[in-house]
Amino acid sequence: QMAPGLQPGSYGWSAMGNVLPFDDKQQVQRPEKYSFAENDVVGIGYDKQRGTLIFTKNGSRLKLQRRKIKGGQYYPAVGCGSRGARIEVNLGQEPFKYDFCNKEVDIMGEAAPATAAAA
333 QMAPGLQPGS
343 YGWSAMGNVL
353 PFDDKQQVQR
363 PEKYSFAEND
373 VVGIGYDKQR
383 GTLIFTKNGS
393 RLKLQRRKIK
403 GGQYYPAVGC
413 GSRGARIEVN
423 LGQEPFKYDF
433 CNKEVDIMGE
443 AAPATAAAA
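Under this note's numbering, the first residue of the sequence shown is numbered 333, with each subsequent residue one higher.
As structure tokens, this is what we get:
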């Protein structure tokens, strides 16, 4: 059992602000800027056209991104190593805190459904 980003062919974002898997060419500078904690709302969007992961926190897009994502089938996953932790996941059943459909029109398309984006 490994967290997303530690499993081959997966990507993840750790609470310490690192994007996984580690990539020496795309190393996160000052990862503490991108860390998250209890009650933060975080999301990862996948721009398939550009092969880029987009990261959001509490309704704002971060400058943090990961380029050169290999094409393929990706599925949402959450890893947690804390006993008793509670996680709420939104896969489009509610509006996203970061409005991908209106803020990322070049990625999502004019009439993209809300379920096409990450939390």
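All C-beta atoms, glycine included, are put in the ideal place defined by N, C-alpha and C.
Just so we're clear, the structure is a prediction, and the values are computed from it rather than from any experiment.
Report, in whole angstroms, the separation of the C-beta atoms of residue i and residue j, which I expect to be a contact under 8 Å.
i: Pro321; j: Asn350; result: Shown here, the chain extends from 333 to 451; a query on residue 321 therefore has no answer.
i: Tyr407; j: Tyr378; result: Not confirmed; about 11 Å, so no contact.
Do residue i and residue j have their C-beta atoms closer together than 8 Å?
i: Val410; j: Ile401; result: no
i: Tyr366; j: Leu394; result: yes
i: Tyr343; j: Arg398; result: yes
i: Val373; j: Lys429; result: yes
Alpha carbon to alpha carbon, how far is residue i from residue j?
i: Ala446; j: Gly341; result: Any answer about Ala446 is weak, because its pLDDT of 41 lies below 50 and its placement is not dependable; what the coordinates show is given next. Straight-line Cα distance between these residues: approximately 26 Å.
i: Gln339; j: Leu352; result: 9 Å
i: Asp431; j: Trp345; result: 20 Å
i: Glu426; j: Gly404; result: 26 Å
Can you give me the start and stop residues for the beta strand (DSSP E) that residue i sits inside?
i: Phe387; result: Thr384 to Lys389
Could you give the first and the last residue of the continuous alpha helix (DSSP H) run that contains residue i?
i: Asn371; result: That residue, Asn371, is in no alpha helix (DSSP H); it is neither H nor E in DSSP.
i: Asn434; result: Phe432 to Lys435
Residue ranges of each beta strand (DSSP E) run of no fewer than 3 residues wholly in the stretch 388-412, ordered along the chain? 392-398
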